[in-house]
Amino acid sequence: MIAMVSSTFQPSPYRPPVRARAYIGSKCNMNAARSTRLGDIVRRVSLCALFIAALPIRAAAQQDVATFFGGAATALAAHEMGHVITDVAFGVSPGLEKVSFAGIPFFAITHDPVTPTREFTISSAGFWVQHATDEVLLSRMPNLRDRHAPFLKGMFAFNVLASVGYSFAAFARVGPIERDTRGMAASANVREPIIGALILAPALFDGWRYFDPRAPLPRWGSRASKIAGVLLVIRASRQ
Ligand SMILES: [Zn+2]
């Protein structure tokens, strides 16, 4: 029941290229906003939880489901912390701002205008956390799929599915102006669908690794695409 966005945008003191200038800024986000909306979401989540609790499944299975979603929530928090940590590392004070997408309210973690290099880093930080987390998981536990590890599987599922969702939003160029992919595209002065491809590739490769841990192609394809995404910061530094 949690949706997400992220990234930033506010007028910036430096002069990016015209195409990028329209959206340079800074923020990141997630979570409910207006109290009435929040109340609706809480009620719906509660009903879902009650429904799940009422299902005639074993208590252990119910606990696994709860642990799985706990892992997903932890991965979400880790994504957001990536933005906050880079904000603080650059000496920028993070703030909160209300945003919405498709009628779903969120809080955006915002910051003051920064250079393209810093903007790209802050906007990318959430994905870098996701990519690093999945890399550690799949490198240390290639057989994750066969293990009884609902918490870790919840983290992995969130990371893959969030990346897929973000990438399709980038392809379609839809979503809140504060979304991460838009901040990355603007600061590096590349088209947003290219950012979408760089976000989607590691997710697809890691999903492949999960089901076929011995295949070398997805393992190295994933690592190469993650590195390529990070190296785009060099392009941002030249804007
Ligand atoms: Zn984000």
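The numbering used here numbers the first residue of the sequence shown as 1 and each following residue consecutively.
Think of the CB as a built atom: it goes at the ideal place given N, C-alpha and C, for glycine as much as any other residue.
Asked                                                                                                                : Found
G221 CB to nearest heavy atom of ligand 1 below 6 Å                                                                  : no
Own chain partners of S240 with C-beta closer than 8 Å, once the 5 adjacent residues on each side are dropped        : Nothing can be reported for residue 240: it is not among the residues displayed for the chain, which extend from 1 to 239.
CA nearest to the CA of L138, picked from W220, A170, V230, Q239                                                     : W220
C-alpha gap between S237 and A77, whole angstroms                                                                    : 28 Å
Continuous alpha helix (DSSP H) stretch holding A197: start and end                                                  : 192-211
Between the CA atoms of P216 and V230 - distance to the nearest angstrom                                             : 22 Å
Proximity of G196 and F171 at Cβ, strictly below 7 Å                                                                 : yes
Which of helix, strand or coil DSSP assigns to S26                                                                   : Bear in mind that a pLDDT of 44 at S26, under 50, signals an unreliable position, so the number given afterwards is only what the model happens to contain. The answer is coil: DSSP assigns S26 none of H, G, I, E or B.
Neighbourhood of G91 by C-beta distance below 7 Å, restricted to the same chain and skipping five residues each side : none
Every unbroken beta strand (DSSP E) within the stretch 147-194, with a cutoff of 3 residues, ordered by chain        : none
Whether D180 touches S123 by CB criterion (7 Å)                                                                      : yes
Beta-carbon gap between A89 and E97 smaller than 7 Å                                                                 : no
beta-carbon G126 near ligand 1 non-hydrogen atom, thresh 6 Å                                                         : yes
Residue from M141, H148, V160 with nearest C-alpha to H131                                                           : V160
D180 beta carbon near ligand 1 (any heavy atom closer than 6 Å)                                                      : yes
Residues near F68 by beta carbon distance below 8 Å, same chain, minus five either side                              : P150, F151, K153, G154, A157
Same chain, Cβ closer than 7 Å to G82, neighbours up to 5 away in sequence not counted                               : A125, G126, W128, V129
Inside the stretch 77-147 only - beta strand (DSSP E) runs reaching at least 3 residues                              : 95-101, 104-110
Collapsed DSSP secondary structure at Q292 in the structure displayed                                                : Nothing about residue 292 can be reported from this structure: the residues present for the chain run from 1 to 239 only.
Distance, M184 Cα to E119 Cα                                                                                         : 7 Å
Alpha carbon of A73 to alpha carbon of Q239, nearest angstrom                                                        : 35 Å
Other residues of its chain near V164: CB distance less than 6 Å, five sequence neighbours each side excluded        : A203
heavy atom of ligand 3 below 6 Å from D134 C-beta                                                                    : In the structure shown, ligand 3 is absent; the only ligands present are ligand 1.
For A224, three-class secondary structure by DSSP                                                                    : helix
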